[in-house]
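If you read the protein sequences in the order shown, they are chains A and B. Numbered per the working numbering, the first sequence spans residues 6 to 118. Numbered per the working numbering, the second sequence spans residues 2 to 117. Cβ coordinates follow ideal geometry from the N, Cα and C atoms, glycine included.
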Amino acid sequence: KNEVEQSPQNLTAQEGEFITINCSYSVGISALHWLQQHPGGGIVSLFMLSSGKKKHGRLIATINIQEKHSSLHITASHPRDSAVYICAVRIGNYGGSQGNLIFGKGTKLSVKP
Amino acid sequence: GAGVSQSPSNKVTEKGKDVELRCDPISGHTALYWYRQSLGQGLEFLIYFQGNSAPDKSGLPSDRFSAERTGGSVSTLTIQRTQQEDSAVYLCASSLRVSGATDTQYFGPGTRLTVL
């Protein structure tokens, strides 16, 4: 079993739809990252979370530490949101954590006009 | 520059040759990471450097892989005696420091390595 599981693997949506991508993990973490990888391969860090919720524009990320679960939401989706969304966790305790990230396999999102 | 840069952007080599991949992190970032992404696979951690501490090499797949970070800035990932399974995109990222709110990682564009 992978330490970081994402669902769904693939997601097709119509422009304007509300989208949710889920990430579950099985290890103790100090932080969780959501990354966006564009079709050209470039990776952008969207959020880093250790608790609660963060919002940036149409993107919202939440994390429930007790349930070891995070969600990434996209409101009013647009074709330019089409990308692979990757969840990654940094294991260990805050302040004493290892530096490396463990990655989910990604969710490929395609938003149709 | 403003972001993380990597060179070369593409490298084609023959099996058995050595290759060096370079990463220039964002100025002032003390943490530097190397990852690789094989075709159709997810990202895989290779190695990270934090300041003057000993690097975490736990992700390196074999002793053919090594990395250095000189002067706390530029890093070089070296793959000796390349094999076809080494073909992948090698990504470098940097962050201000490992822990705390400033741990957002900024990724470079990657080096696409093809081993023939």
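One alpha carbon belongs to I70 of chain A, the other to G111 of chain B, and they sit about 32 Å apart. In the DSSP assignment, D25 of chain B falls within the beta strand (DSSP E) that extends over 20 to 25.
Between the alpha carbons of C92 of chain A and G72 of chain B lies a gap of roughly 32 Å. By a beta-carbon distance limit of 8 Å, V5 of chain B does not contact A89 of chain B. Their separation comes to about 18 Å. Of the residues B:E86, B:S39, B:W35, the one whose Cα lies closest to the Cα of L47 of chain B is B:W35.
With a threshold of 16 other beta carbon atoms within 10 Å, P62 of chain B falls short and is exposed. Beta-bridge analysis with DSSP links V13 of chain B to B:T115. Here T115 of chain B is actually not in contact with V20 of chain B; their C-beta atoms are around 10 Å apart, not less than 8 Å. For the pair T83 of chain B and K18 of chain B, the CB atoms are nearer than the 8 Å cut-off.
Using a Cβ-Cβ cut-off of 7 Å, G46 of chain A is close to V90, G111 of chain B, given in chain order. Look at T83 of chain B: its C-beta is not under 8 Å from any C-beta on chain A.
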